[in-house]
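Chemist: Pasting a structure here, questions to come.
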Amino acid sequence: MKKTLLTLFLISSFTMVGQIVGTNGFVTLNSNLSMDLKINSATGMTTLTLVAPDNVWFAVGFGGGDMTAGIDVVRTNGSTVIDAVTAGNQLPPSDTSNDWSTVSNTVNGNTRTLVIERANNTGDSNDFTFSTSTGNIPVIWAHGTSSSYAYHGGNRGATVLSTLSARQEKTLDFSIYPNPTTDVVTIQLPTGTEKATARLFDTSGRLIAEQVISNQNREVSLSNLSRGIYFVRVSSDNRFGAQRVIKN
Numbered sequence: 085m086k087k088t089l090l091t092l093f094l095i096s097s098f099t100m101v102g103q104i105v106g107t108n109g110f111v112t113l114n115s116n117l118s119m120d121l122k123i124n125s126a127t128g129m130t131t132l133t134l135v136a137p138d139n140v141w142f143a144v145g146f147g148g149g150d151m152t153a154g155i156d157v158v159r160t161n162g163s164t165v166i167d168a169v170t171a172g173n174q175l176p177p178s179d180t181s182n183d184w185s186t187v188s189n190t191v192n193g194n195t196r197t198l199v200i201e202r203a204n205n206t207g208d209s210n211d212f213t214f215s216t217s218t219g220n221i222p223v224i225w226a227h228g229t230s231s232s233y234a235y236h237g238g239n240r241g242a243t244v245l246s247t248l249s250a251r252q253e254k255t256l257d258f259s260i261y262p263n264p265t266t267d268v269v270t271i272q273l274p275t276g277t278e279k280a281t282a283r284l285f286d287t288s289g290r291l292i293a294e295q296v297i298s299n300q301n302r303e304v305s306l307s308n309l310s311r312g313i314y315f316v317r318v319s320s321d322n323r324f325g326a327q328r329v330i331k332n
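Going by this note's numbering, 232 is the number at position 148 of the sequence shown; the sequence numbering is gapless.
Have a look at this one:
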């Protein structure tokens, strides 16, 4: 089911024009934790950005106002992102499937900025479904005082996010060849696009590689990958496109 959903949203993302709904900017949860949420109807992907101190664990949950069992949570100790689900007043255990992919995890000074993404609807009953319509999303959050998971004390809370229509997303048409390939593919950007970011995913939605491409550097290597089907997502200036590539 998840592979089917991933295939559908990746293939359709370059033939659709959609909108992003989200927080339309960062929401401050407390003095140490803030978040930005973008739900994209064209790509079928939700992007979550979390900003926190670089030396603490932190977590957010969607669809509930407390630690009642069954709330979808994503948590991290700064190095590993875990898709989890609440089971009462304890550390939320890992879900059977981790549907979040890390886009970037950077530290500037003492501040960590984590960008992760997953499908709006993963097909997993433990995962919150992010609606592409405007509305409200109940959110819980917490963080620790170190990167080791321990009781958060007063560093926790609940809020309700109001998702607003942020902006229209346009598609980015590109060509990719040879396809199928045995080692390297070349990405041809459309006229007027000088630079873009290419991300390579497997059929489970796991991010395999990410690189900046340009008219001077257009090759993406698949030489170290197993034979199979992969997806290339290319983005530039709020335009997105995706294509399937076969590695022989």
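By construction, the Cβ of each residue, glycine as well, lies at the ideal position given by its N, Cα and C atoms.
Between the segment 268 to 277 and the segment 301 to 320, do three or more beta carbon pairs fall short of 8 Å?
Modeler: yes
Chemist: In chain order, what are the residue ranges of uninterrupted beta strand (DSSP E) at least 3 long that sit wholly in the segment 206 to 254?
Modeler: 219 to 227
Chemist: Does DSSP put Leu94 in a helix, a strand or coil?
Modeler: For the purposes of this step, residue 94 is taken as residue 10 along the sequence shown, with counting starting at 1. With a pLDDT of 48 at Leu94, under the threshold of 50, the modelled position of this residue cannot be trusted; read the value that follows with caution. Correct three-state label for Leu94: helix.
Chemist: Looking at Ala136 and Arg196, is the spacing between their C-beta atoms short of 8 Å?
Modeler: In the sequence shown, residue 196 corresponds to position 112, counting from 1. In the sequence shown, residue 136 corresponds to position 52, counting from 1. In this structure, Ala136 lies closer than 8 Å to Arg196 by Cβ.
Chemist: Report yes if the C-beta distance between Gly235 and Trp141 is below 8 Å; otherwise report no.
Modeler: What you label residue 235 is simply residue 151 of the sequence shown in a count that begins at 1. What you label residue 141 is simply residue 57 of the sequence shown in a count that begins at 1. Note on residue identity: the sequence assigns Tyr, not Gly, to residue 235. Taking 8 Å as the cut-off, the Cβ atoms of Tyr235 and Trp141 do not count as close.
Chemist: Quick check on Gly149: does DSSP put it in helix, strand or coil?
Modeler: The count along the sequence shown starts at 1 and reaches residue 149 at position 65. Three-state result, Gly149: coil.
Chemist: With DSSP collapsed to three states, give me the class of Glu294.
Modeler: Counting from one through the sequence shown, the residue named residue 294 turns up at place 210. DSSP places Glu294 in strand when its eight states are reduced to three.
Chemist: Within this structure, are the beta carbons of Ile224 and Gly172 separated by less than 8 Å?
Modeler: The residue given as residue 224 occupies position 140 in the sequence shown. The residue given as residue 172 occupies position 88 in the sequence shown. Cβ distance not < 8 Å, so Ile224 and Gly172 don't count as in contact.
Chemist: Using only the alpha-carbon positions, how far apart do Ile297 and Arg283 sit?
Modeler: What you label residue 297 is simply residue 213 of the sequence shown in a count that begins at 1. What you label residue 283 is simply residue 199 of the sequence shown in a count that begins at 1. So the alpha carbons of these two residues sit roughly 10 Å apart.
Chemist: Check the C-beta distance from Asn299 over to Leu273 and give it rounded, since I have them as a contact under 8 Å.
Modeler: Here residue 299 corresponds to residue number 215 of the sequence shown, with the count starting at 1. Here residue 273 corresponds to residue number 189 of the sequence shown, with the count starting at 1. Going by Cβ atoms, the distance from Asn299 to Leu273 rounds to 6 Å, so yes, they are a contact pair.
Chemist: Apart from the five residues just before and just after Lys122, which ones in its own chain have a Cβ nearer than 6 Å to its Cβ?
Modeler: Stepping through the sequence shown from its first residue, residue 122 is reached at position 38. Here the set comprises Ile104, Gly106, Thr131.
Chemist: When you compare only the Cα positions, how much space is there between Arg290 and His227?
Modeler: Your numbering for residue 290 matches position 206 in the sequence shown. Your numbering for residue 227 matches position 143 in the sequence shown. Each residue's alpha carbon lies about 26 Å from the other.
Chemist: Around the C-beta of Arg159, are 16 or more other C-beta atoms found within 10 angstroms, so that it is buried, or is it exposed?
Modeler: Within the sequence shown, numbered from 1, the residue matching residue 159 stands at position 75. With 16 or more other Cβ atoms within 10 Å, it is buried.
Chemist: Exposed or buried, Ile313, counting other C-beta atoms within 10 Å across all chains shown (16 or more means buried)?
Modeler: Sequence index remark: in the sequence shown, residue 313 carries index 229 (1-based). Its Cβ having fewer than 16 others within 10 Å, Ile313 is exposed.
Chemist: In whole angstroms, give me the CA-to-CA distance for Ser230 and Thr112.
Modeler: Within the sequence shown, the letter at position 146 stands for residue 230. Within the sequence shown, the letter at position 28 stands for residue 112. Distance between the alpha carbons of Ser230 and Thr112 is about 20 Å.
Chemist: Report the residue from Asn139, Ala293, Asp321 whose alpha carbon sits nearest the alpha carbon of Leu309.
Modeler: Numbered from 1 along the sequence shown, position 225 holds the residue referred to as residue 309. It is Ala293.
Chemist: According to DSSP, is Met100 helix, strand or coil?
Modeler: As a position in the sequence shown, residue 100 is number 16, starting the count at 1. Because Met100 carries a pLDDT of 44, less than 50, the predicted location of this residue cannot be relied on, and no value is offered for it.
Chemist: According to DSSP, is Leu89 part of a helix, a strand, or is it coil?
Modeler: Residue numbering aside, residue 89 sits at position 5 when the sequence shown is read from its first letter. Its pLDDT being 49, under 50, Leu89 is placed unreliably in this model, and the coordinates cannot settle the point.
Chemist: Hey, could you find the ends of the beta strand (DSSP E) Gly128 is sitting in?
Modeler: Working through the sequence shown from its first residue, we reach residue 128 at position 44. Note, Gly128: premise wrong, no beta strand (DSSP E); not H, not E.
Chemist: Who are the Cβ neighbours of Asn139 in its own chain at under 8 Å, not counting the five residues just before and after it?
Modeler: Here residue 139 refers to the residue found at position 55 when the sequence shown is read from its first residue. The residues are Gly162, Asn194, Ser230, Ser231.
Chemist: Suppose contacts are defined by Cβ-Cβ distances below 8 Å. Is Leu248 in contact with Thr218 by that definition?
Modeler: In the sequence shown, residue 248 corresponds to position 164, counting from 1. In the sequence shown, residue 218 corresponds to position 134, counting from 1. Yes, these two residues count as a Cβ contact at 8 Å.
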